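For reference, the structure discussed in these notes is given below.
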Amino acid sequence: MKVYTKTGDKGETSLFGGKRVKKYDLRINAYGTSDEVNSWIGLIRDQDINADYKAILNIIQDRIFTLGSHLAADPSKPKLKIPELLPSDIELLEQEMDKMDAKLPAMTKFTLPGGHTTVSYCHLARTVCRRCERLVIELADTETINPLIIQYLNRLSDYLFVLGRKLAQDLDANEVFWEPKM
1 MKVYTKTGDK GETSLFGGKR VKKYDLRINA YGTSDEVNSW IGLIRDQDIN ADYKAILNII
61 QDRIFTLGSH LAADPSKPKL KIPELLPSDI ELLEQEMDKM DAKLPAMTKF TLPGGHTTVS
121 YCHLARTVCR RCERLVIELA DTETINPLII QYLNRLSDYL FVLGRKLAQD LDANEVFWEP
181 KM
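Read left to right, the sequence shown gives residues 1 to 182 (my numbering).
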């Protein structure tokens, strides 16, 4: 199978199931942004971090591919075979956040992104995840979207924020807090 097909040379692409749409279609934007999130998470996973975090990030990348498959599927073909996103996927993120949170000091101020390159990667992944979530919510206004996708993206952005805080602690990086000038 060749990587290039030339079928997109006129600004259209195919959804899973065959339907042709413009490359700027909201559905394409949503799953393209999920791919961006996945790429940032891959970059975090490639850092010198705890192997347990890497294992969870690997699971997350699989789940993002799953939700991206749903977003890439032609909604007029509901019988397409696609792996499922499950409530347990969201529960895993919550459990991992709770474990990390138990080891972190309470937050009393907003945290500014930065302090260490790896922490910054977490914040970049988080902000792209939030953009993806907004696009999926917009898509859900006009098409049926599995609500677990929105819930997963919402929880994932929270997870990435907590992971950034925990990695700042693990890497002995300074957490920089927003001090508003009043």
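Glycine is no exception: its CB is placed at the ideal position from the N, C-alpha and C atoms. Small disclaimer: the values here were computed from a predicted structure and weren't measured.
Report the CB separation of residue i from residue j in whole angstroms; it is logged as a contact under 8 Å.
i	j	result
R134	L160	So it is not a contact: roughly 15 Å between Cβ atoms.
L185	R155	The shown model of the chain, from 1 to 182, leaves out residue 185, and the question about it has no answer.
L26	L139	5 Å
W40	L124	5 Å
I44	E96	Between E96 and I44 the Cβ distance is about 14 Å, and since that is not below 8 Å, they are no contact.
A30	V136	5 Å
Would you list the one or two residues that DSSP bridges to residue i?
i	result
L104	Paired residue(s): none; L104 is not in a bridge.
R45	Answer is none; R45 lacks a bridge partner.
A73	F16
T111	F177
Going along the chain, which residues of its own chain have a beta-carbon closer than 8 Å to the beta-carbon of residue i, five neighbours each way excluded?
i	result
F16	S69, A72, A73, D74, L80 and I82
A168	G115, H116, V119, N174 and E175
I60	I41, L93, L156 and Y159
Going along the chain, which residues of its own chain have a beta-carbon closer than 7 Å to the beta-carbon of residue i, five neighbours each way excluded?
i	result
R131	T33
Y152	R63, L67, L85, D89 and I90
W178	K109, F110 and L112
E143	P75
I145	V136 and L139
Where do the ends of the alpha helix (DSSP H) carrying residue i lie?
i	result
P147	P147 to D170
L139	T117 to A140
L85	Here L85 belongs to no alpha helix (DSSP H), and DSSP marks it neither H nor E.
Tell me which same chain residues have a C-beta within less than 6 Å of the C-beta of residue i, skipping the five on either side of it?
i	result
L163	C122
K19	D74
Q47	T118
| query | Does the region 74-90 come close enough to the region 98-113 to have 3 or more Cβ pairs within less than 8 Å? | reply | At 8 Å Cβ cutoff, the stretches do not touch.
| request: Mind the definition here: the region 24-36 touches the region 44-52 only if three or more C-beta pairs lie below 8 Å; say whether that holds. | output: no
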